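K.L.:
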Amino acid sequence: MRYVSTRGAAPVLGFEDVLLAGLARDGGLYVPESWPQFSPDEIRALRGLPYAEIAVRVMLPFLGGAIAEDEFRAIVRDTYATFDHAAVTPLVQLDSRTWVLELFHGPTLAFKDVALQLLGRLFDHVLAKRGQRVTIVGATSGDTGSAAIEACRDRENVDIVILHPQGRTSAVQRRQMTTVLSSNVHNVALEGTFDDCQDLVKALFNDGAFRDRVGLSAVNSINWARIMAQIVYYFAAAVALGAPDRKVAFTVPTGNFGNVYAAYGARAMGLPIDRLVVGSNSNDILARFFASGSMVMAPVTPTLSPSMDIQISSNFERLLFDLLGRDGSAVQASMDRFRAEGRFAVTPDQLNAALVLFAGYRVDETQTMDIIRATATASGGYTLDPHTAVGVGAAAAALSDAGVVDDAAAMVVLSTAHPAKFPDAVEQATGRRPGLPPRLSDLFEREERLTVLPNDLAEVQSFVMGRSRAAGANA
Ligand SMILES: *Cc1c(COP(=O)(O)O)cnc(C)c1O
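41 is the number of the first residue of the sequence shown in our numbering; add one for each residue after it.
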């Protein structure tokens with residue numbers, strides 16, 4: 041299995057190099073040169089298997105022999121043993137044709153764990169084989185830092201430093217990061233804003249000598265292995281509902297387009313997906329694209345579903361690559377225009393090709409609250425977090441739009457966060473504050489460890505240098 045860049049000007053790489061590289065050298069994103077194919081019989085054979093076994097079968101072709109099957113199976117089993125539900129990603133039925141796929145049973149209660157728990161282990165495995173170490177550095181506004189920390193904690197060959205803006209994350213968010221006391225985990229509370237944190241991380245990456253010295257790396261949402269790990273639950277959910285003998289549609293609360301692109305990949309591999317519904321909050325750049333064929337940047341508005349508050353969906357470039365006939369220079373030209381003018385467009389034919397599979401819907405703040413409330417008071421009341429509520433709203437809109445979803449198809453809404461991660465919105469909607477699940481119920485009694493640093497590049501650089509075991513080895 042070989043991987044090519046969406047911009048066509050970076051080296052073609054194998055799985056291990058793509059894993060460690062993240063972004064391609066030409067600024068593009070890596071995609072498989074061709075998609076592995078699963079026949080209806082091979083899909084049927086996944087029915088009833090444990091999640092980890094489905095995961096091994098679906099992901100193995102992407103490794104191209106880089107990791108032996110037995111070794112990979114051990115890594116995958118270890119990964120999903122950290123989830124606190126036997127099904128890993130269980131389905132819950134909401135009404136006669138709508139199900140919720142709960143992706144939040146991992147250590148940080150958000151769907152990012154499904155991919156990041158595997159990514160951390162894969163990094164460690166490949167680095168050990170190569171005798172290398174890396175230092176992961178990232179900035180967080182609070183939402184995603186903990187998933188990266190949980191992915192890297194206790195890894196032999198990985199150190200992680202996460203910067204968060206001091207006093208500007210919620211107590212739950214901060215504690216999910218700072219109570220991880222593993223010796224390779226380093227939390228920095230920066231005296232500044234989230235933008236300051238991001239600027240400092242960018243500056244670290246731009247210093248070539250520093251980057252090489254500490255083996256600087258990232259686990260961001262464009263890493264191919266994250267997409268690969270997310271393809272698995274589309275197969276698992278679809279076969280549980282009768283695929284390949286029954287069509288299934290999915291609705292995905294979308295931000296960076298990584299999750300829904302994984303569904304696109306599952307369909308390219310042979311899974312009979314009827315429709316992919318992209319749910320957007322008020323930051324609706326994607327819904328506007330599917331309505332018009334134009335991607336037009338707009339300022340970001342903060343919403344109840346902060347993990348979807350985006351201006352640019354970075355993984356959309358992977359779909360664009362296919363819409364433009366896998367022409368890397370055409371993708372480069374669109375991205376250059378997007379950067380310069382804040383917009384690019386596809387032709388009507390290219391848009392129609394996308395609309396064969398995709399549909400986009402926007403769900404605003406009032407609707408989000410109404411959906412949380414209505415779902416909680418419906419018979420068999422069920423508590424949605426605000427991101428999942430956007431998905432449930434988009435799914436309902438798609439189902440009531442004639443011709444969008446096949447009448448015989450089951451609709452699966454991806455639930456991307458546990459309601460206890462967003463207790464204020466849920467309490468406001470339902471009058472009840474959702475409690476933390478058992479694995480986090482003592483979060484407020486746990487010891488915290490963090491270092492407060494000024495908004496100063498030299499200070500942050502020397503902090504990272506002092507904590508990086510890669511730098512120690514390279515000294
Ligand atoms: C990251 C995230 C999303 C968006 O997923 P993308 O893959 O970026 O589209 C949605 N909901 C939650 C809770 C998230 O953490």
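A virtual CB, placed ideally from N, CA and C, is assigned to each residue, including glycine.
A quick note: this is a predicted structure, and the numbers were derived from the prediction, not measured.
Classify HIS125 as buried or exposed, calling it buried when 16 or more other Cβ atoms lie within 10 Å of its own Cβ.
P.N.:
When all chains shown are included, HIS125 counts as exposed.
K.L.:
My parser needs the beta strand (DSSP E) runs of 3 or more residues fully inside the region 229-284; what are they?
P.N.:
Fully enclosed beta strand (DSSP E) runs of 3 or longer: not present.
K.L.:
May I ask whether a heavy atom of ligand 1 can be found less than 8 Å away from the beta carbon of THR456?
P.N.:
Yes; taking the cut-off as 8 Å, the Cβ of THR456 has a heavy atom of ligand 1 nearer than that.
K.L.:
Within the chosen definition, does the region 506-514 reach the region 160-177 through at least 3 CB pairs nearer than 8 Å?
P.N.:
Touching, yes.
K.L.:
With DSSP collapsed to three states, give me the class of PHE297.
P.N.:
Reduced to three states, the DSSP call for PHE297 is coil.
K.L.:
Going by beta-carbon coordinates alone, are SER354 and VAL430 separated by less than 9 Å?
P.N.:
Not closer than 9 Å, so no.
K.L.:
In the structure shown, what three-state DSSP assignment does ASN392 receive?
P.N.:
ASN392 falls in the helix class under three-state DSSP.
K.L.:
Write down every uninterrupted run of the beta strand (DSSP E) in the region 81-165 whose length is 3 residues or greater and which is fully enclosed by it, in chain order.
P.N.:
As far as the region 81-165 is concerned, its whole beta strand (DSSP E) runs of at least 3 residues are 131-135, 138-142.
K.L.:
Please classify GLN216 as buried or exposed, where buried requires at least 16 other C-beta atoms within 10 Å of its C-beta.
P.N.:
Buried: at least 16 other Cβ atoms inside 10 Å.
K.L.:
Hey, out of ASP183, TRP139, VAL128, LEU240, whose CA is closest to VAL177's CA?
P.N.:
VAL177 has its Cα closest to that of LEU240, out of ASP183, TRP139, VAL128, LEU240.
K.L.:
On the CB-based measure, 16 or more other CB atoms within 10 Å of its CB, does LEU158 come out buried or exposed?
P.N.:
LEU158 should be labelled buried.
K.L.:
With a threshold of 8 Å, establish whether the CB of HIS204 neighbours any heavy atom of ligand 1.
P.N.:
No; taking the cut-off as 8 Å, the Cβ of HIS204 has no heavy atom of ligand 1 nearer than that.
K.L.:
Measure how close the beta-carbons of PHE275 and VAL98 come, nearest whole angstrom, since I'm counting them as under 8 Å.
P.N.:
5 Å between Cβ atoms; contact.
K.L.:
With a 10 Å radius around its C-beta and 16 neighbouring C-beta atoms as the bar for buried, classify ASP285 as buried or exposed.
P.N.:
Exposed: under 16 other Cβ atoms inside 10 Å.
K.L.:
Cutting at 7 Å between CB atoms, please list the residues of its own chain near GLN363, excluding the five before and the five after it.
P.N.:
In the sequence under discussion, the amino acid at residue 363 is Leu, which differs from the Gln named in the question. For LEU363, where only same-chain residues beyond five positions count, the Cβ hits under 7 Å are VAL386, GLN390, ALA393, ALA394.
K.L.:
At a cut-off of 8 Å, is ILE313 close to ligand 1 when judged by its beta-carbon and the heavy atoms of the ligand?
P.N.:
Answer for ILE313: no, Cβ out of range of ligand 1.
K.L.:
Which one of ALA338, GLU357, THR423 has the shortest CA to CA distance from ASP349?
P.N.:
ASP349 has its Cα closest to that of ALA338, out of ALA338, GLU357, THR423.
K.L.:
With a threshold of 16 other CB atoms inside 10 Å of the CB of LEU480, please say whether the residue is buried or exposed.
P.N.:
Classification for LEU480: buried.
K.L.:
Hey, is GLY298 close to ligand 1, as in C-beta under 8 Å from one of its heavy atoms?
P.N.:
Within the cutoff, so yes.
K.L.:
Please name the residue, chosen from PHE250, SER369, HIS204, that lies closest to ILE236 on a Cα-to-Cα basis.
P.N.:
First, the amino acid is wrong: residue 236 is Asp here, not Ile. Cα-wise, what sits closest to ASP236 is HIS204.
K.L.:
Given this structure, state the Cα-to-Cα distance separating VAL9 from THR291, to the nearest angstrom.
P.N.:
The question about residue 9 has no answer here: the residues shown for the chain are numbered 41 through 515.
K.L.:
For the alpha helix (DSSP H) containing ALA338, name the first residue and the last one.
P.N.:
Unbroken run through ALA338: none, as it is neither H nor E.
K.L.:
For VAL116 versus ALA92, is the C-beta spacing smaller than 9 Å?
P.N.:
The answer is yes: Cβ separation under 9 Å.
K.L.:
Among ALA469, ALA434, PHE484, which residue has its Cα nearest to the Cα of LEU476?
P.N.:
Measuring from the Cα of LEU476, the nearest candidate turns out to be PHE484.
K.L.:
What's the C-alpha gap between ARG413 and LEU424?
P.N.:
The alpha-carbon atoms of ARG413 and LEU424 are separated by roughly 9 Å.
K.L.:
By DSSP's criteria, PRO72 is part of a beta bridge. Which residues make up the other side?
P.N.:
Its beta-bridge partners are TYR43.
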